Amino acid sequence: MLRIASVLLLAIGIPAFGEEGFEPLFDGSTLDGWVLLGQHGDGYVPKDGKLICPRGSGGNLLSSAEYADFVLRFEFKLESGSNNGLCIRCPIAWRNLAYDGNELQIIDNSAERYKDIKPWQKHGSLYHVAPAKTGALRPVGEWNSQEVTVHGSRVRVVLNGTEILNFDTATVKDRGLLARHPGLQRKSGHVGFLGHNEPVEFRNIRIKRL
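Going by the working numbering, the sequence shown opens with residue 54, and the numbers climb by one from there.
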């Protein structure tokens with residue numbers, strides 16, 4: 054019976070059992086617990102249990118709470134050309150958090166417009182620092198499941214059950230890169246989404262402190 058219940062929960066987009074210690078970041082209907090800076094268009098819209106960044110909209114949507122070491126789980130669905138970012142250990146600010154914080158790419162790798170992007174711009178990559186492996190994204194229009202673990206200086210990304218990034222930021226020694234990315238030195242900060250005027254949907258956003 055427990056197995057059947059878990060399958061049914063997953064089928065309707067509700068996390069299954071076995072997630073002790075996780076707490077929801079998104080309540081499914083409001084932006085309570087979030088701060089939106091630099092809003093474009095509609096920003097982010099809560100609807101039917103989903104957090105939607107509509108086309109032509111975005112901004113920096115950051116958690117009110119700060120996190121140091123954590124595991125973050127969420128689901129997302131892309132459209133053709135979708136482009137967003139997952140911010141980790143970021144300051145609450147309206148500026149380029151890919152540098153002042155840390156940005157993990159959320160992007161449709163298959164889009165024609167992105168055919169010439171750099172490896173570190175592909176989905177799951179630590180922007181401008183470390184490229185993620187490709188091939189684990191589901192086709193556009195299907196839901197993806199992602200887990201991000203941040204522990205000390207290590208960042209690990211698992212997409213649909215496949216590890217696509219496992220990178221220790223302490224291995225970055227290039228002085229120029231470190232000067233451009235002060236966010237790599239941050240020990241804690243806010244998590245959130247960095248919208249770039251392209252549509253993305255999120256749901257089941259939950260986090261566990263380590």
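Idealized CB from N, CA, C, for every residue including glycine.
If you're wondering where the values come from, they're calculated on a predicted model, not measured in any experiment.
- Contact check for Leu89 against Gly96 passes: the beta carbons are separated by less than 8 Å.
- Our two residues, Asp85 and Ser135, have alpha carbons roughly 25 Å apart in a direct line.
- Secondary structure at Tyr120: strand, using DSSP grouped into helix, strand and coil.
- Boundaries for Arg228: no beta strand (DSSP E) harbours it, while the alpha helix (DSSP H) harbouring it runs Arg228 to Arg233, taken from the DSSP string.
- Where Asp221 is concerned, the enclosing beta strand (DSSP E) starts and stops at Thr215 to Asp221.
- For Leu247, the enclosing beta strand (DSSP E) has its first and last residue at His243 to His249.
- The straight-line gap separating the alpha-carbon atoms of His204 and Glu216 is approximately 16 Å.
- By the CB criterion at 8 Å, Leu212 and Gly177 fall inside the cutoff.
- Burial is judged here by how many other beta carbons sit within 10 angstroms of a residue's own beta carbon; Pro77 has fewer than 16 and is exposed.
- When DSSP states are grouped into helix, strand and coil, Ala151 belongs to the helix group.
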